[in-house]
Every structure is written in C-alpha cells, then in structure tokens.
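Enquirer: Here the protein sequences come in this chain order: A and B. Per this note's numbering, the very first residue in the first sequence carries number 1; after that it's consecutive. Per this note's numbering, the very first residue in the second sequence carries number 1; after that it's consecutive.
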Amino acid sequence: MKLNDEEQEILAGKHGALALKALQHQLKVGEFFGAEDFVPVTQAHIMADTESLGEVGVRWLEQLAAASDEAGGVRVPTITDPRGTDFAKAAFLGQTPAMLDLERRAIAAFMKLGVTMTDTCINYQTIQAPTRHEHVAFGDTGVVIYSNSICGARSNYEGGPSALAAGLTGRTPRYGFHLPAHRRATLQVRVDFAPASLNEWGALGATIGRIAGNYWAVPAVEGIEGAPRSDQLKHFGAAMASFGSVALFHLIGLTPEADRMSDVAPAGLSSHCVTRADIDALRSRYRNESRIDVVVFSAPQLSLFELRDLAALCQGHRFSVPLLAVTSPQVKPDADRMGYTADIEDAGGTLLSGMCFYQSYAREIAEAHGWQRLATNSAKLVNILGGYGYHPILASMEECVDAAISGRIV
Amino acid sequence: MSGGAKAFRARQAMGDIVRGIALVARDGFSARYDLDRVKGNFSRPDHKLAGQSYIGRVLVLDTAKGGVASAWMLNEMKSRGVIPLALVFNSVNPILVQGAALAGLPMLAGFDEDITAVVPHGSEVEVNPPGRVLIVVG
Numbered sequence: 001m002k003l004n005d006e007e008q009e010i011l012a013g014k015h016g017a018l019a020l021k022a023l024q025h026q027l028k029v030g031e032f033f034g035a036e037d038f039v040p041v042t043q044a045h046i047m048a049d050t051e052s053l054g055e056v057g058v059r060w061l062e063q064l065a066a067a068s069d070e071a072g073g074v075r076v077p078t079i080t081d082p083r084g085t086d087f088a089k090a091a092f093l094g095q096t097p098a099m100l101d102l103e104r105r106a107i108a109a110f111m112k113l114g115v116t117m118t119d120t121c122i123n124y125q126t127i128q129a130p131t132r133h134e135h136v137a138f139g140d141t142g143v144v145i146y147s148n149s150i151c152g153a154r155s156n157y158e159g160g161p162s163a164l165a166a167g168l169t170g171r172t173p174r175y176g177f178h179l180p181a182h183r184r185a186t187l188q189v190r191v192d193f194a195p196a197s198l199n200e201w202g203a204l205g206a207t208i209g210r211i212a213g214n215y216w217a218v219p220a221v222e223g224i225e226g227a228p229r230s231d232q233l234k235h236f237g238a239a240m241a242s243f244g245s246v247a248l249f250h251l252i253g254l255t256p257e258a259d260r261m262s263d264v265a266p267a268g269l270s271s272h273c274v275t276r277a278d279i280d281a282l283r284s285r286y287r288n289e290s291r292i293d294v295v296v297f298s299a300p301q302l303s304l305f306e307l308r309d310l311a312a313l314c315q316g317h318r319f320s321v322p323l324l325a326v327t328s329p330q331v332k333p334d335a336d337r338m339g340y341t342a343d344i345e346d347a348g349g350t351l352l353s354g355m356c357f358y359q360s361y362a363r364e365i366a367e368a369h370g371w372q373r374l375a376t377n378s379a380k381l382v383n384i385l386g387g388y389g390y391h392p393i394l395a396s397m398e399e400c401v402d403a404a405i406s407g408r409i410v
Numbered sequence: 001m002s003g004g005a006k007a008f009r010a011r012q013a014m015g016d017i018v019r020g021i022a023l024v025a026r027d028g029f030s031a032r033y034d035l036d037r038v039k040g041n042f043s044r045p046d047h048k049l050a051g052q053s054y055i056g057r058v059l060v061l062d063t064a065k066g067g068v069a070s071a072w073m074l075n076e077m078k079s080r081g082v083i084p085l086a087l088v089f090n091s092v093n094p095i096l097v098q099g100a101a102l103a104g105l106p107m108l109a110g111f112d113e114d115i116t117a118v119v120p121h122g123s124e125v126e127v128n129p130p131g132r133v134l135i136v137v138g
C-alpha cells in the first residue's frame, strides 16, 4: 500500500506503540483486499461485547490501555456498540459475576483509550448521523448498512479490532465501499407490495439479503412508495445485512445516490421480483410454535418512537410471560420521562438499556431461564438466535404484546 | 505437488501454510450465527454442516455471513483451542479477514472455480497463503 509521510512515521514508531500496532493490523487487511492507500475517517464505532471478546480479548484491550499512558488514545471520535449487559438488570437476566467483571474491565480499558461509551447500535438516530461522502469506520452491520445507504456515508464493516485501529490512527484502508466503483448496484430488485409493520420491513430486507447473498452485492430496489420512516429502514437494512451480509443498498428515488436507476445500475443486471408471498414464506419459517417463553424487542435497539408505540400497547395489560425491550442509554431517560418505561414495566415487562439481547450471553440467559420459544418483531434477531438454541418466532409488535399477555402466539 | 494433487489459485490470501482435513459446504459462515463456540461444532440447525465439529478443520465454504462479532470471536476461539485450522471462501467479507488478521488464522478467498464444488468433503488439503493456492492432497 502507498503510505504518506505520516503513515511512514507511524510505522517507524514515531507516533507511539498503539498507532504502530493499529496500522500494522490495518495494513494486513488493506493488503488482503488490494487497497492502494488509506483514507482519513471522522468517526469510529466499535462493536465489542464481552461475549465476543472473551477473557483473551479483554486482556488484549487492557494491554492497549496500559500502553496509552505514553502513546495516547483514539484520534477521532470513537463510540461503542451495545455492551453485554445492563448492570441495573443483570441479576434479572441471570448473568454471572464473572460476566459482569469482564464487562467492567472492558469498559475501563476503552475509557482509558479515550473511547466514548455510547453503547448503541442506533447512533445514526441518537448520536450523530454521518453525512453523504463522509468516510467513517463503523462496526455493527446495521449501522454500516444504514449509514452507507440512507446517509450516503462511506464505510466497510469494521469489526471491533479494526474499528479501534481506525480510531487510533484516524484512517482506514481504502477498499470496498470507500470506492465509488463498489457502490454501483450489482442486482435489481422489484418490490410489488408495500410493507407496513416493522417485522414486514425486516422480512423484506431479509428476503432481499438472501437474494443478494454476499458482502459485495449491492441491490438497487424499486417499487418502494412514499417516504419510509427511519425505524422502518432500520429494520429493513439490519435484516438485509444479517441475512445477506449486505453493506449497501439503493432505493430508487429515495436514497441519496439513486434518484434514477441509471444513476447506480449499469445495464444488464440480473433482475428479481419480491412479492408479499416471498415475505410470508420467510415469516412462516419462524411461526411454528404456538406457546412462547419470552418476548424480546431488540436488534436494533428501539427508538423513542418504537417505545412510544410499545408503551401504548402495554397500557392496562398484565403479561403472563416475560417481555424484554432494549434501547440505548440516550433514549432510555426520555422513555422514563415520557412515562413509556412505566407503561411497559407496570404490565410486567422490563426495559433494558445499553445492551442488545443477542450480544448479552443469549445462550446462558436461555439456560438460566429455560427460555426457548422467543417471539420478536426483529427479523435480524430471529436469524441470529437459531444458532443460540432458541426457537425464534417472527411476529408484529402487536402480536408479540398479545403473546406476552396470553403466553401463546396466534 | 504429487501427481494426483489438484491446485486452485486464490486471489486473496493471508497467513501461514497449513495442512488438514476439509469440511466443505455451499453455505455461509459466521462465528456468532452458526457455531456453538463452547462445544466447537456448527449449531445452526439449517446449516449444511450442522452438528459437525469444526475444530482443527479447514473450512471450505461459499461466503462470510452475518455480523461483526467474528472479528473478535476467532481470537477468543483460538485462545481456547476451539478454532478451525484455516478458512477458505469463494468470497469473504472484511469481518472474517479482520478476525483472521487478529487471530493469525490462515485464509484464502477468490477462486475462478466454485471452490465448494471442486474440493471433496473430507479430503486432505494444503492451504498455502504465501503461494496463494489451495491444494487437494488426497
């Protein structure tokens, strides 16, 4: 890779041990993908729950933090994805002291490195959305696909080690979606119906993600009418990323790079049609249980508007099975202030903050509570939890609340 | 290379040379979505390798799937010795590459052939990143 003067100084160790280690890691990745050089980034976002890190990952972070005394920390605003717990509700979740100790150590290390603990996967709704052409280094696939597609920003999937490296060096290898050529559509998708509920938006994203099938595929989607809301596109993108590893889509006439199909799609692309029957088929794969053990709203964290809708559905009811809703630390105080938290918890639900269900030792939580049959309105969550031993059920928010009341999904 | 061996060129490569038994499937890979990382097997019920142990195997799969967690998880799996020997994909996303870089896990990707169709399941293979080649030994 071509290195500028500053990058050569970093490699010579003149900017400290942390920047050197980070740039060496970035060089391995950049050379694998044939990057010609680095591009400066303005923000980094780190996914680093302790279930993923493990003891060895936390020790690695602590070693970096120890070196930051002399070498300094991150160079650009660097924020965090959901943590592995909500400390205030850890006992309810059945998390062990060892899990919480690991979590505290990771947080201390990140803070010493200058990382801002936002603990959110909806930073584009709550912290600072990136702007068109802004190069960033974001983790969490849902954050990347939303930032690339809806905001017009430029990011690859940056896993925790690489996002932290970008924060420490202020740059990332210029490959993939930092390059205009990779942002062109590779397939066309025609949608012939209008999704309504968030789970339908998620199911549509999941279906397109399956068709696209890999990280380098860029669907250009036409047929979406009106102006979808941020929460709808959040579920749409998160599910597409989860099912297909997709990092960028274009909605013709809606998203910033695609006023017309010809803006993003060369002639002769493969063309696909997605109908309501396709998403019904996907949903039916996750509807084979009538009795449920738990209801979870998470992945992505809920916005204030989603919590408003959920709170309204909970008013005046009493749940027979646990209902968990997960939001960000930025939204939670507003939910408290508006009375949404009280509406949910008065019905027997629990509002969790700063974590995400699947990033919080979901397998151990299932074993602690005997939970298997889980209902949710998140297509992303049903895709993930099968591997954790759950039998996930995809339903609307209204159906999920009804299921929490009756203990059954109809 | 012996007379019966077949070699397949990769455009993308990382890590050291290793030799082992291949687990082959035209399916995706995510450490979080697909694996029981405690037991060391594929746990997603509809994965084509469901129930099979991945420990010490060369995984030959279609593409990388899912979330960013694999970037940490490969390193964590390595610390416990519950890790594949190498990863081979038709196409790979950045997360698996970043994770392999952190864990020091050999990886090949980008073949002219569908690599999952030409490598027999259970065959012995050599993963040779410096030479950018996958060799089916027997």
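The beta carbon of each residue, even a glycine, is placed where N, CA and C say it ideally should be.
1. Run down chain A in chain order and give the residues with a C-beta less than 9 Å from the C-beta of Ala-64 (chain B).
2. Got a sec: is the Cβ-Cβ distance from Ala-48 (chain A) to anything in chain B below 8 Å?
3. Shortest alpha-carbon distance to Val-246 (chain A) belongs to which of A:Thr-172, A:Asn-148 and A:Arg-283?
4. Under 8 Å by Cβ, that's how I've got Val-221 (chain A) and Phe-249 (chain A) pegged, so tell me the actual separation to the nearest angstrom.
5. At a CB distance below 9 Å, what residues from the region 77 to 97 of chain B approach chain A? Give them in sequence order.
6. Rounded to whole angstroms, what's the CA-CA distance from Ala-395 (chain A) to Ile-224 (chain A)? Just pull it up for me.
7. Check the C-beta distance from Ile-135 (chain B) over to Glu-126 (chain B) and give it rounded, since I have them as a contact under 8 Å.
8. Determine the chain A residues that contact Ala-128 (chain B) at a beta-carbon separation under 8 Å, and present them in chain order.
9. Answer yes or no: does any C-beta atom of chain A fall closer than 8 Å to that of Ser-53 (chain B)?
10. Using a cut-off of 7 Å between C-beta atoms, extract the partners of Lys-28 (chain A) located in chain C.
11. Report the start-end ranges of each beta strand (DSSP E) in the region 32 to 62 of chain B that is 3 residues or longer and not cut off at the edges.
12. On the three-state DSSP scale, how would you describe Asn-128 (chain B)?
13. Can you name the residues of chain A whose CB is closer than 7 Å to the CB of Ala-71 (chain B)?
14. Closer than 8 Å, Cβ to Cβ, to anything on chain B: give me those residues from the region 287 to 316 of chain A, in chain order.
15. Applying the criterion that 16 or more other CB atoms from any shown protein chain within 10 Å of the CB defines a buried residue, is Lys-234 (chain A) buried or exposed?
16. Can you tell me the Cα-Cα spacing of Val-410 (chain A) and Asp-343 (chain A), whole angstroms?
17. Against chain B, which members of the region 268 to 280 of chain A pass a CB distance test of less than 8 Å?
18. What are the partner residues of Ala-299 (chain A), as DSSP defines its beta bridges?
19. Is there a Cβ from chain A that is less than 8 Å from the Cβ of Leu-35 (chain B)?
20. Rounded to the nearest angstrom, what separates Gln-125 (chain A) and Arg-229 (chain A) at their Cα positions?
21. Which residues mark the beginning and the end of the alpha helix (DSSP H) in which Arg-19 (chain B) is found?
22. Out of B:Leu-102, B:Ala-71, B:Asp-34 and B:Ala-100, point me to the one whose CA is closest to Tyr-388 (chain A)'s CA.
23. Could you work out which residues of chain A lie near Asn-41 (chain B), taking near to mean beta carbons separated by less than 8 Å?
24. Mind pulling the chain A residues with CB within less than 8 Å of Arg-32 (chain B)?
25. State the DSSP-derived secondary structure class of Ala-366 (chain A), mapped to helix, strand or coil.
26. Which stretch, first to last residue, makes up the beta strand (DSSP E) that contains Pro-392 (chain A)?
27. In three-state terms, what does DSSP make of Pro-97 (chain A)?
28. Check whether the region 341 to 358 of chain A touches the region 304 to 322 of chain A, counting contact only when three or more Cβ pairs, one atom from each stretch, lie closer than 8 Å.
29. Closest by CA to Phe-297 (chain A), which one among A:Glu-399, A:Gly-226, A:Leu-20 and A:Asn-156?
30. My parser needs the alpha helix (DSSP H) runs of 4 or more residues fully inside the region 8 to 34 of chain A; what are they?
Expert: Result, derived from the coordinates:
1. Asn-214, Tyr-215 and Ser-245
2. yes
3. A:Asn-148
4. 6 Å
5. Met-77, Lys-78, Ser-79, Arg-80, Asn-90, Ser-91, Val-92, Asn-93, Pro-94, Ile-95, Leu-96 and Val-97
6. 22 Å
7. 4 Å
8. Correcting the residue identity first, residue 128 (chain B) is Asn in this sequence and not Ala. None at all; the shortest Cβ gap to chain A is about 15 Å.
9. no
10. Note that chain C does not occur in the displayed structure, where the protein chains are A and B.
11. none
12. strand
13. Gly-159, Gly-160, Pro-161 and Ser-162
14. none
15. buried
16. 24 Å
17. none
18. According to DSSP, Ala-299 (chain A) bridges with nothing at all.
19. yes
20. 11 Å
21. Taken as a continuous stretch (DSSP letters only), Arg-19 (chain B) belongs to no alpha helix (DSSP H), being part of the beta strand (DSSP E) at 18 to 24.
22. B:Asp-34
23. Simply none; closest approach about 11 Å.
24. Ser-52, Tyr-358, Ile-384 and Gly-387
25. helix
26. 391 to 394
27. helix
28. yes
29. A:Glu-399
30. 17 to 32
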